[in-house]
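In what follows, a single structure is set out as structure tokens and then discussed.
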DNA sequence: TTGAGTGCAAAAGCTTTGCATTCGT
DNA sequence: ACGAATGCAAAGCTTTTGCACTCAA
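Chains as they are written, first to last, in this note's numbering: chain A, 4 to 149; chain B, 4 to 149.
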């Protein structure tokens with residue numbers, strides 16, 4: 004996320020307004036590495052804005068996401084997807100049609116984790132997900148909604 | 004997923020019964036690399052079992068998941084999580100308390116994609132997710148539900 | 001026979017939407 | 001002043017649950 008001043012400018016440039024609620028959301032997100040949910044942000048805001056609604060939080064986050072100012076840590080598979088192949092492999096997701104293809108490559112030696120983190124965590128598994136566009140979707144204008 | 008015969012045995016060994024519906028689900032999943040959703044499986048089954056219910060599909064898939072016979076391609080973050088840090092980095096998720104920590108490592112040169120896939124897709128992004136347990140959770144018996 | 005599974009409908013949980021009111025510019 | 005944002009409540013969707021009935025073993 005950009006610095007708040009820049010963010011404010013980006014919003015205004017788009018004709019979006021800066022409200023106290025939005026500003027408060029910006030501040031909560033600034034230098035925040037706790038990967039909060041909308042609910043958590045909402046909770047935090049309640050102190051200063053007892054009347055704020057979850058809907059407002061979601062709406063603002065949606066704008067930030069569209070602007071590329073926050074990243075969603077949950078992939079827009081519309082719903083749960085099940086993979087009967089439990090051998091170690093990874094996936095490439097077409098962000099256009101949501102097709103998922105398997106990638107059978109062993110990355111286990113390629114992915115070094117900082118030793119500081121290794122000390123704190125016991126890592127049991129990992130997954131790599133690639134995102135892109137298949138040929139068909141590359142030639143489309145519009146992708147699936149959502 | 005194991006071969007169907009083995010799967011049947013695993014189910015019976017656990018006191019779980021083999022019903023036509025379950026068998027049909029097994030068959031749909033066998034050698035299936037389309038990463039289907041419960042809905043899609045349900046849809047497929049409708050032909051042969053017009054009365055089958057989505058609930059049955061979900062329930063069977065849950066068992067398969069618990070048995071490690073299928074893998075879920077959607078992470079159990081309980082809800083959306085937002086990351087204001089859009090610089091390229093990756094995540095480690097503690098499967099006990101769901102804490103998410105950042106991993107700042109550049110894996111872009113480490114992750115080779117089969118050329119056959121590179122021909123078919125334009126890859127725009129990727130993410131690496133590690134799973135494990137933090138020290139606290141390692142010493143716990145029970146983790147967060149779900 | 002009997003405990004497990006099915007299928008229906010209802011509930012649950014997260015997220016989005018509609019709308020009247022309020023507010024930023 | 002006027003379009004945008006807010007906050008509430010309702011709706012939407014996916015997934016789960018409860019329960020009477022049915023069925024596999």
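Ideal Cβ positions, reconstructed from N, Cα and C, are used throughout, including at glycine.
{"Check": "Extract the residue ranges of the beta strand (DSSP E) inside the segment 66-124 of chain B, only unbroken runs of 3 or more that lie entirely within it.", "Outcome": "93-97 and 103-106"}
{"Check": "Taking 8 Å as the threshold, find out whether the segment 119-134 of chain A comes into contact with the segment 103-120 of chain B through three or more Cβ pairs.", "Outcome": "yes"}
{"Check": "Please name the residue in B:8, B:46, B:43 and B:136 whose C-alpha comes closest to that of residue 126 of chain A.", "Outcome": "B:136"}
{"Check": "Given residue 143 of chain A, which residues of its chain have a CB within under 8 Å of its CB, disregarding the five upstream and five downstream residues?", "Outcome": "99"}
{"Check": "So with Cβ pairs under 8 Å, would you call residue 149 of chain A a contact of chain B?", "Outcome": "With a pLDDT of 37 at residue 149 of chain A, under the threshold of 50, the predicted position of this residue should be treated as unreliable, and no value is reported."}
{"Check": "Looking at the structure shown, is residue 127 of chain A part of a helix, part of a strand, or coil, going by DSSP?", "Outcome": "strand"}
{"Check": "Does the beta carbon of residue 30 of chain A sit closer than 8 Å to a beta carbon anywhere in chain B?", "Outcome": "no"}
{"Check": "Which of the three DSSP states, helix, strand or coil, is assigned to residue 57 of chain B?", "Outcome": "helix"}
{"Check": "Based on the DSSP secondary-structure assignment, which residues constitute the bridge partners of residue 135 of chain B?", "Outcome": "A:126 and B:97"}
{"Check": "Quick one: give me the first and last residue of the alpha helix (DSSP H) that residue 26 of chain B is part of.", "Outcome": "23-32"}
{"Check": "Residue 126 of chain A versus chain B: which residues are under 9 Å apart at the beta carbon?", "Outcome": "95, 133, 134, 135 and 136"}
{"Check": "Since residue 13 of chain B is in the alpha helix (DSSP H), which residue starts that stretch and which ends it?", "Outcome": "7-16"}
{"Check": "Give every residue of the same chain whose Cβ lies closer than 7 Å to the Cβ of residue 51 of chain B, excluding the five residues on either side of it in the sequence, and list them in chain order.", "Outcome": "27"}
{"Check": "For chain A, check one thing: does any of its Cβ atoms lie closer than 8 Å to the Cβ of residue 19 of chain B?", "Outcome": "no"}
{"Check": "For residue 118 of chain A, does the count of other Cβ atoms within 10 angstroms reach 16, so buried, or fall short, so exposed?", "Outcome": "exposed"}
{"Check": "Contact defined as beta carbons within less than 8 Å: I believe residue 104 of chain B pairs with residue 92 of chain B. What is the distance between those atoms, to the nearest angstrom?", "Outcome": "Wrong, their Cβ atoms sit about 10 Å apart, outside the cutoff."}
{"Check": "Would you check if there are 3 or more beta carbon pairs closer than 8 Å linking the segment 34-49 of chain B to the segment 57-77 of chain B?", "Outcome": "yes"}
{"Check": "Would you decide whether residue 97 of chain B is buried or exposed? Buried here means 16 or more other CB atoms lie within 10 Å of its CB.", "Outcome": "buried"}
{"Check": "What is the DSSP secondary structure of residue 46 of chain B, counted as helix, strand or coil?", "Outcome": "helix"}
{"Check": "Which residues in chain B have a C-beta closer than 9 Å to the C-beta of residue 117 of chain A? List them in chain order.", "Outcome": "106, 107 and 108"}
{"Check": "Would you say residue 13 of chain B lies against chain A (beta-carbon separation less than 8 Å)?", "Outcome": "no"}
{"Check": "Give the residues of chain B in contact with residue 70 of chain A, contact being defined as C-beta atoms less than 7 Å apart.", "Outcome": "Residues of chain B passing the Cβ test: none, with the nearest at roughly 10 Å."}
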